[in-house]
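Colleague: For the sequence shown, the numbering used here assigns the number 1321 to the initial residue and increments by one for each residue that follows.
Virtual Cβ for every residue (Gly too), placed ideally from N, Cα, C.
Small disclaimer: the values here were computed from a predicted structure and weren't measured.
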Amino acid sequence: MCSDLAVQLVARQKALSVARSLPQGTFVLGADTVVVGPSGLMGKPGSPERARRMLDELKGTRHTVLTGICAIAAPSGAEALGVSRSAVRMRPIDDADLDAYVASGEPLDKAGGYAIQGGAGDWIEAVGGRVDTVVGLDVALALRLLAEVGYPMPLPSAADVPLQPRPVRRPLSPLRTPSRV
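(1) Taking the DSSP output, what are the residues bridged to Ala1393?
(2) Mind checking Leu1463: buried by the 16 CB within 10 Å criterion, or exposed?
(3) I'd like the span of the alpha helix (DSSP H) that includes Leu1428, first residue to last.
(4) Specify, as a first and last residue, the run of the alpha helix (DSSP H) that Val1447 falls within.
(5) Going by the CB atoms, is the gap between Ala1391 and Leu1466 shorter than 8 Å?
(6) Quickly, what does DSSP pair Thr1387 with across the bridge? List them, please.
(7) Does the region 1348–1366 come within contact of the region 1431–1444, defined as at least 3 CB pairs closer than 8 Å?
(8) Roughly how many whole angstroms lie between the Cα atoms of Ala1460 and Gly1449?
(9) Only counting the same chain, and skipping five residues up and downstream in sequence, which positions put a Cβ closer than 6 Å to that of Val1354?
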């Protein structure tokens, strides 16, 4: 199964699990995010050991983040699915920084073991695409999908949802030659 379809199906399952029990006129969004690294799909690590393995694989690489979204009008069942992709370039990271980050607990419930909006943000050199995809919800796509299932309020267009650049907290250290690109 292709990664785009897989992430959309998980988003759909999440939305359906909630939508079935809701009253008429309710709208539900389900979302799921995965990282596509050199060895394949990466979800949430769930343990410090898996988080460390994921980060070891991703450091110094360019990888892809996928966020699948499903909008459902409950309980009629009208639904719309979509996926957003962003490319991320992560700088090489030394072992002490990785150990401290994993020990913080932050990566355990984050796809690929990192949060661009959190402690790992300083490791990101570039994002090709929408930053909110990497965070876990492409707002423009979510609004479009809600409109497709008949959300009754006027929604801003995708052009009205700005792509906010990530603020730089501190300058990145000089680049080392990455082991994988």
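Modeller: On the basis of the supplied data:
(1) Partner(s): Phe1347, Ala1398.
(2) So Leu1463 ends up on the buried side.
(3) First-last for Leu1428: undefined, no H or E at that position.
(4) Membership of Val1447 in any alpha helix (DSSP H) is not indicated; the residue belongs instead to the beta strand (DSSP E) covering 1444–1448.
(5) Their beta carbons are under 8 Å apart, which means Leu1466 touches Ala1391 by this criterion.
(6) Thr1387 pairs with Thr1353, Ser1404.
(7) Counting C-beta pairs closer than 8 Å gives three or more between the region 1348–1366 and the region 1431–1444, which meets the contact rule.
(8) About 12 Å.
(9) Result list for Val1354: Val1327, Leu1361, Gly1363, Leu1386, Ala1431, in chain order.
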